[in-house]
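For the sequence shown, my numbering gives the first residue as 3, with consecutive numbering after it. Beta carbons: idealized from backbone N, C-alpha and C, even for Gly. Take a look at the structure below.
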Amino acid sequence: MMLGTEGGEGFVVKVRGLPWSCSADEVQRFFSDCKIQNGAQGIRFIYTREGRPSGEAFVELESEDEVKLALKKDRETMGHRYVEVFKSNNVEMDWVLKHTGPNSPDTANDGFVRLRGLPFGCSKEEIVQFFSGLEIVPNGITLPVDFQGRSTGEAFVQFASQEIAEKA
């Protein structure tokens, strides 16, 4: 079963190492052999809280095959910089875009917590045990993986309320 991009994981890659002055056109040229969903609108740059480019972006593609093509661009160069390409999904993209950039709240009221620096073999069960006593919503743990299916050492956990997330 193929998941559409609506509500599912979607067909998304995360790109890191972009020149700060990079434009959507340059990203489209870098991924010229891939079908980007909605053209330039399918490229979502990540900004710092100060509103400056972070050198990272999410690229929404049209299918899983396009994701595989995009992942082949990992560690190719754009100008003098080598660019890393990772498999991502809509959940990670939406969370990052909501929580970064100049308009991001210091603490969004959505009950999400981002974990970093996890052991690469960390499971959802271990995260549940770590937060035992705190209510996590059903299917509320996302463990992003790179293009080879390995853990990135991050997790996104959605708790039943913002108050519980703050306790976490």
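Measuring C-alpha to C-alpha distances from residue 27 to each of 56, 156, 119 and 61 identifies 61 as the nearest. Segment contact: the stretch 120 to 133 against the stretch 79 to 96, fewer than three CB-CB distances shorter than 8 Å; contact not assigned. The DSSP assignment places 45 to 49, 55 to 62, 78 to 80 and 83 to 90 as complete runs of the beta strand (DSSP E) inside the stretch 41 to 95, in order along the chain (cut-off: 3 residues).
With a 10 Å radius around the Cβ and a threshold of 16 neighbouring Cβ atoms, residue 78 comes out exposed. The continuous alpha helix (DSSP H) containing residue 169 extends over residues 164 to 169. Annotated as distal: residue 20 and residue 53, with beta-carbon spacing of 8 Å or more. Inclusion of residue 32 and residue 69 in the CB contact set at 8 Å is not warranted, their separation being larger than that value.
Cα atoms of residue 118 and residue 143: separation of roughly 13 Å, rounded to the nearest angstrom. Taking 3 residues as the minimum length, the beta strand (DSSP E) runs contained wholly in the stretch 110 to 148 are 114 to 117 and 138 to 144, in order along the chain. The C-beta of residue 146 has 16 or more other C-beta atoms within 10 Å across all chains shown, which makes the residue buried. Put simply, of 155, 24 and 168 the residue whose alpha carbon is nearest the alpha carbon of residue 138 is 168.
Residue pairing from DSSP places residue 157 in a beta bridge opposite 117.
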